[in-house]
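First up is the structure itself, then whatever we jot down about it.
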Amino acid sequence: MRRTNGPKALVVAALVLTGLLSACGAREPDPEQAAAWREDYCTRLSAWQRFAHDPAVRDNDDDPGLMAAAVLSAAKVVDREHLDHEGSHVLDDTAQAVAHDDRDAEGRVSAYCSAVGFETLMKY
28 MRRTNGPKAL VVAALVLTGL LSACGAREPD PEQAAAWRED YCTRLSAWQR
78 FAHDPAVRDN DDDPGLMAAA VLSAAKVVDR EHLDHEGSHV LDDTAQAVAH
128 DDRDAEGRVS AYCSAVGFET LMKY
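Residue numbers (my numbering): 28 to 151.
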């Protein structure tokens, strides 16, 4: 009777495949691109904050729904590219801030922007 290495070969193949798949998602974004995505998010968040909290800057042409959508769109990029810090939830907090006027969530995303170098944009 001939003995095969079937189970060992399956284990080795599974380990190789797992390593390849995990490496696909582990890429680091280009630092300049990451900074641009963060700046875009923080700029949009800042514009929404001014609109939401400072009636003097509101223009009759401003659409609160469009402003909220722009912030959420930028937050999705930050989330998709894993640019939020360990333990932060930029997308969830942004959604809570713009949809439910959650000041605690807004404070957390403002702190995120300050921590990544855009503190001068954060007025609220």
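Glycine included, each C-beta is placed from N, C-alpha and C at the ideal position.
As the structure is a prediction and not an experimental result, all values here were calculated from the model.
Asked	Found
Expressed to the nearest angstrom, what Euclidean distance is found between the alpha-carbon atoms of Leu110 and Ala62?	9 angstroms
Mark Val84 as exposed unless 16 or more other C-beta atoms lie within 10 angstroms of its C-beta, in which case mark it buried.	exposed
With the cut-off set at 9 angstroms, would you say Ala132 and Ala124 are in Cβ contact?	yes
Starting from the Cα of His127, find the closest Cα among Ala79, Glu55, Tyr68, Glu66 and give me that residue.	Ala79
Phe145 to Asp119, Cα distance in whole Å?	20 angstroms
In terms of residue numbering, what span does the alpha helix (DSSP H) encompassing Gly92 cover?	91 to 107
Helix, strand or coil for Pro58? Go by DSSP, reduced to three states.	helix
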